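Which chain is which? The protein sequence lines are B and H, in order. Numbers in this note's numbering are just positions in the first sequence, counted from 1, shifted up by 47. Numbers in this note's numbering are just positions in the second sequence, counted from 1, shifted up by 55. Even glycine gets a Cβ: it sits at the ideal position worked out from N, Cα and C. Predicted model, so just to flag it, every value in this text is computed and none were measured. Beneath this line is the structure, given in structure tokens, with notes to follow.
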Amino acid sequence: GESVGLHLPTLSVQEGDNSIINCAYSNSASDYFIWYKQESGKGPQFIIDIRSNMDKRQGQRVTVLLNKTVKHLSLQIAATQPGDSAVYFCAEVDSGTYKYIFGTGTRLKVLA
Amino acid sequence: EPEVTQTPSHQVTQMGQEVILRCVPISNHLYFYWYRQILGQKVEFLVSFYNNEISEKSEIFDDQFSVERPDGSNFTLKIRSTKLEDSAMYFCASKQGARGNQPQHFGDGTRLSIL
């Protein structure tokens, strides 16, 4: 069946360190993936996306890696800052239906 | 940067009453969505809307739910007879075009509390 899951529900990192948040997906028909950041009391905020014809995409301080062989997605945040504290979740998009399937999320806590 | 706006931010309603949640999608977007997020759980798809009709709906979106685009800017979700289990955050999202590889952009949600 379709599922998107996260390995680590909570991740604590020191300010300035790099963070890696992981996501597993199971729908082979998914060909587009998105990372969202959700701060307390706010809606999901788009961070970065990647298409299935790529295995890496970089943004400002963020990098998404896609491993289609093992159906794994990761979000790397460089030099993590207090403002990065939030819940991060991935979404996979089915290539046929364009339907979004969201994971539960990982809470990132940045320690000063 | 253009954004999706939702009102109200918090709605408290007695069980059995009707509620209307409002959204103003990004102006040049054509595809609209409603999602629900129960506290501590993942975001769940409710319905998608394009060209003034529902494109797809989930099992959650039963007969008590309806959506409407009453004018050129607003997109509403109506819950006819609310139940306690309808308490959740409701997010509206919009997307520019038909391509699957475009991100949906979300509003900050309406917290619906059913008493």
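Assign GLU86(B) to one of three DSSP states: helix, strand, or coil. In the structure shown, GLU86(B) adopts coil according to DSSP, grouped into three states.
Checklist entry - Comparing the C-beta of ASN156(H) with each C-beta of chain B, is any distance below 8 Å? => result For ASN156(H), the answer is yes, since a Cβ of chain B falls inside 8 Å of its Cβ.
Only counting the same chain, and skipping five residues up and downstream in sequence, which positions put a Cβ closer than 7 Å to that of SER110(H)? Correct list, in chain order: SER103, PHE104.
SER128(H) and ILE81(H): beta carbons closer than 8 Å? In this structure, ILE81(H) does not lie closer than 8 Å to SER128(H) by Cβ.
Open item on the list: What does the Cβ neighbour count give for THR153(B), buried or exposed, with the cut at 16 atoms within 10 Å?
Closed with: Label assigned to THR153(B): buried.
### Close beta carbons around TRP82(B), own chain, < 7 Å, minus the five adjacent residues each side
Answer for TRP82(B): ILE94, ILE95, VAL111, LEU122, TYR135, CYS137, listed in chain order.
*Neighbour flag for ARG98(B) against chain H, beta carbons, 8 Å*: Chain H places a beta carbon closer than 8 Å to that of ARG98(B), counting this residue as a contact.
Closest residue to HIS65(H) among MET144(H), GLY162(H), GLN72(H), PRO158(H) (Cα-Cα distance):
Ranking MET144(H), GLY162(H), GLN72(H), PRO158(H) by Cα distance to HIS65(H) puts MET144(H) first.
*Drop a sphere of 10 angstroms on the beta-carbon of PRO129(B), count the other beta-carbons inside from all chains shown, and report buried for 16 or more, exposed for fewer.*
Result: exposed.
Taking only runs of the alpha helix (DSSP H) that begin and end inside the region 93 to 124 of chain B, which ones reach a length of at least 4 residues, in chain order?
The DSSP assignment places no complete alpha helix (DSSP H) segment of no fewer than 4 residues inside the region 93 to 124 of chain B.
Practice task
Using alpha carbons as the reference points, say which of LEU170(H), PHE161(H), THR165(H), VAL79(H) lies closest to LYS138(H).
Solution key: Cα-wise, what sits closest to LYS138(H) is LEU170(H).
- Query: On the three-state DSSP scale, how would you describe GLU123(H)?
  - Reply: Reduced to three states, the DSSP call for GLU123(H) is strand.
With a threshold of 8 Å between beta carbons, is PHE116(H) in contact with chain B?
By this cut-off, PHE116(H) is not an interface position.
Can you list the residues of chain H that TYR145(B) reaches, using a CB-CB cut of under 7 Å? The answer, in chain order, is GLY155.
Q. Can you check whether the CB of LYS84(B) is closer than 8 Å to the CB of ALA126(B)?
A. Cβ atoms of ALA126(B) and LYS84(B): not closer than 8 Å.
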